[in-house]
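Peer 1:
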């Protein structure tokens, strides 16, 4: 299909888009060719875009109807202008196509009529030397505009006389670009394809001036906006950087410290005491627990008259005025800032705290607290111990298991506002201000093996007996043979755990676990038991005794004097508590074996029953034995031991020869969820064979039941009792005292022991059979009745003590 000629309209003769409808068509006479006009039509005005001064590379007037049918002919490509004019390419070469006929005609007229124009006052600017044609080829069939030229548009309000000729320049001229010219090498074809120019049939003075496109506002220019935004962003970053430098470098340490102090002065931190766990007996009854109370505090910054305030509080709090004044004095906290909270007293009764609050003393307040309460006063006080004002355990179980009982304190930090100076109250918390809260973790409770009722009876019996024998100190221990649990552990004198500081430290000691003494004759059971186990002696063996013997330069005698060559049976040695007979057995056993069995019975090391400060005692090793040690060690004179150690050794005899570590702690109860955790299993070991243990128990009954036995006062009606008396010396700071350490340790029922009870007393005079055996009898009877132990069904055997 042949291309349609440019002159052939597609849909009739319509005016070209972008051209004025008032102008005659290009092929009509009198219309000036488009190339003679510098700017015309909406199409040219569209070439002026907000992104810069651009014109189209090819005017739609030069487009061929066949070219670019798949694109929009009314959106031609844009060309960037250089200063409002098309970029300069190169000068027209001589071989290029000649200028269009219209331009040649004008040049000829200007040459012929220079003077006429000057006479009429019309000026024409000389043609610019740098007007050039672009390399782009002209589209065939359409005449392109001429060389790029400038033109001044006439003011439409003025007549045609005010219009200047094409090519002349004025002060308000605007440069536009002409369509590109022919490329090098194609000038001939462009000239041949271009139709002959039509003569201008319409005077220039009568043509309407083309519209002048308005220049967009400055801020509408995207380049200007980008530059302005960049400047603002850089200025912001520079400002921030300068401020950071000032804060990090320019600020002095004094300024930083001032800011920190201001912040600290606005904050108040309060310790939230953790609820302390309780101490319970084996049945869950309370031995010691915490009850609600109040603490009194002061804000030193608000206290106006410290001496007068202290004088009013001292009698109510029981704290000296001098101490209160020191607490209310203004001071700095370790972390900086003024101190705004000081405890004045803790554990105050609620009624007393309410009275202090009602006084409205400036800077003084009260808040919830707890106080340790001991319902039984002196009941098991030597075991329980007590706490200080800050709820830390100081003695006894309270001190040994303080971490477990105390839990973890919480903390509350908040920002406060202005204080109420008029009422003398601390500042209130600022709603929405800084606040941190760490709740307190409650402590766990400890359940002891102590039986409250039995503990009460043992303490009552011990106190009465110690007062009767004029003892300085005394102790009693009740052990469960089968489990090793301590059912009662009492000390004399007792003290009130609710008012511990009213008593001397020595009066608050647990005598059974902290006081060491020579066990005396109670140690003879260990010597004889070891000899039986090693086969050195037999139950029917006899031992020759006499009036006395000298070993290592030291003399040893018996309380019961025997003639030389007297033979005693093993039950007789125990019943008469013969020193000479026991020394003879010890010599046969040997010091190495005796030391070995001492360790097996639990001597020389703490039992770790659960009491703090438990003494370990001391044994002489075989290398340390002197000549006299052969006589003193077998009878328990060069041995340091506590009552709890000796009672545990006797419990091994009662438990068929198996040693069980004594223990006071039965379980722990979690303060968070109430879960119960049993105490670890006690340490056990075999000391004697069951047969030997049974033989020894039976022979020890002679101490209580035989005539002339030293422990007759320990008998319990209806029950067979087995035990041994002892009389030693007290040790104070490594030195023996003049007092006697009398003791009795026994078990019942002897044929099937259930309990072992040991009683100790430091008396000016007297033996264990006199000062300790009577207390043992009452305590054992109470324990047997309390646990409903049936009486013995058999009679005690009859012993032959001498041969």
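In my numbering, the protein residues as written are 9 to 811.
All residues carry an ideal CB built from backbone N, CA and C; glycine is no exception.
Check for me: the alpha helix (DSSP H) holding residue 535 runs from which residue to which?
Peer 2: Unbroken alpha helix (DSSP H) run through residue 535: 532 to 542.
Peer 1: Run through DSSP, which three-state label would residue 375 get?
Peer 2: Residue 375 falls in the strand class under three-state DSSP.
Peer 1: State the Cα-Cα distance for the pair residue 672 and residue 551, rounded to the nearest angstrom.
Peer 2: Each residue's Cα considered, the two are about 41 Å apart.
Peer 1: Within 10 Å of its beta-carbon, does residue 84 have 16 or more other beta-carbons around it, so buried, or fewer, so exposed?
Peer 2: Because the pLDDT at residue 84 is just 49, under 50, the model does not fix this residue reliably, and the value given afterwards should be weighed accordingly. With 16 or more other Cβ atoms inside 10 Å of its own Cβ, residue 84 counts as buried.
Peer 1: Relative to the alpha-carbon of residue 299, which residue among 290, 284, 291 has its alpha-carbon at the smallest distance?
Peer 2: That would be 284, whose Cα lies nearest to the Cα of residue 299.
Peer 1: Can you name the start and end residues of the beta strand (DSSP E) that residue 4 belongs to?
Peer 2: Coverage of the chain is limited to positions 9 through 811, which leaves residue 4 absent and any answer about it impossible.
Peer 1: So what does DSSP say about residue 753, is it helix, strand or coil?
Peer 2: strand
Peer 1: Here's the rule: buried if 16 or more other CB atoms are within 10 angstroms of the residue's CB, otherwise exposed. What is residue 811?
Peer 2: exposed
Peer 1: Leaving out the 5 sequence neighbours to the left and right, which residues in its chain are closer than 8 Å to residue 638 when beta-carbon positions are compared?
Peer 2: Within the same chain, and ignoring the five residues on either side of residue 638 in sequence, the residues whose Cβ sits closer than 8 Å to its Cβ are 559, 560, 591, 594, 595, 599.
Peer 1: Considering Cα atoms alone, identify which of 760, 449, 318 is closest to residue 703.
Peer 2: 760
Peer 1: At the level of alpha carbons, what is the spacing between residue 651 and residue 657?
Peer 2: 10 Å
Peer 1: For residue 737, which of helix, strand or coil comes out of DSSP?
Peer 2: strand
Peer 1: Quick one: is residue 367 buried, meaning 16 or more other Cβ sit within 10 Å of its Cβ, or exposed?
Peer 2: exposed
Peer 1: Can you find at least 3 beta carbon pairs, one from the stretch 732 to 740 and one from the stretch 471 to 479, that sit closer than 8 Å?
Peer 2: As far as the Cβ criterion goes, the stretch 732 to 740 does not touch the stretch 471 to 479, which means the pair count is below three.
Peer 1: Specify the secondary structure class of residue 386 as computed by DSSP and reduced to three states.
Peer 2: Secondary structure of residue 386 (DSSP, three-state): coil.
Peer 1: For the beta strand (DSSP E) that residue 351 lies in, which residues bound it at each end?
Peer 2: Element bounds for residue 351: 350 to 356.
Peer 1: Spatial neighbours of residue 317 within its chain, please: C-beta separation below 7 Å, excluding the five flanking residues on both sides.
Peer 2: 311, 336, 369, 372
Peer 1: By Cβ distance, which residues of its chain are closer than 7 Å to residue 508, with the 5 residues on each side in sequence left out?
Peer 2: 394, 516
Peer 1: Is any beta-carbon of chain D found at less than 7 Å from that of residue 565?
Peer 2: Structure shown: chain D not included; a single protein chain is present.
Peer 1: Using CA atoms only, rank isn't needed, just tell me which of 661, 461, 564 is closest to residue 640.
Peer 2: 564
Peer 1: Do you know offhand how far residue 768's Cα is from residue 749's?
Peer 2: So the alpha carbons of these two residues sit roughly 7 Å apart.
Peer 1: Just mark residue 241 as buried or exposed, buried being the case when its beta carbon has 16 or more other beta carbons within 10 Å.
Peer 2: exposed
Peer 1: Using 10 angstroms around the beta-carbon of residue 444, count the other beta-carbons present and answer buried if the total reaches 16, otherwise exposed.
Peer 2: exposed
Peer 1: Take the Cβ of residue 359 as the centre, count every other Cβ of all protein chains shown within 10 Å, and call the residue buried at 16 or more, exposed below.
Peer 2: Residue burial is scored here from C-beta neighbours: residue 359 has fewer than 16 other C-beta atoms within 10 angstroms and is therefore classed as exposed.
Peer 1: Can you tell which of 352, 308, 342, 340 has the C-alpha that lies nearest to the C-alpha of residue 327?
Peer 2: 352
Peer 1: Give the DSSP bridge partners of residue 557, in chain order.
Peer 2: 564
Peer 1: Quick one: what's got a C-beta closer than 7 Å to residue 541's C-beta in the same chain, skipping five residues either side?
Peer 2: For residue 541, where only same-chain residues beyond five positions count, the Cβ hits under 7 Å are 696, 697, 700.
Peer 1: Just verifying my parser: in three-state terms, what is the DSSP assignment at residue 794?
Peer 2: helix
Peer 1: Whether or not the stretch 672 to 687 and the stretch 703 to 712 are in contact is what I'm after, with contact meaning three or more pairs of Cβ atoms, one per stretch, closer than 8 Å; do they touch?
Peer 2: no
Peer 1: How big is the Cα-Cα spacing for residue 794 and residue 669?
Peer 2: 24 Å
Peer 1: Compute the distance between the beta-carbons of residue 583 and residue 714, then report whether it is under 7 Å.
Peer 2: yes
Peer 1: Any idea if residue 573 is buried or exposed, counting beta-carbon neighbours within 10 angstroms, 16 or more meaning buried?
Peer 2: exposed
Peer 1: Pop quiz: residue 623 and residue 524 are said to be a contact at Cβ under 8 Å. What is the actual Cβ separation, rounded to whole angstroms?
Peer 2: 5 Å
Peer 1: Just to check my reading of the structure: residue 567 and residue 549 have Cβ atoms closer than 8 Å, yes? What is that Cβ distance to the nearest angstrom?
Peer 2: Contact flag wrong, Cβ pair sits at about 22 Å.
Peer 1: What separation, rounded to the nearest whole angstrom, lies between the Cα atoms of residue 588 and residue 571?
Peer 2: 12 Å
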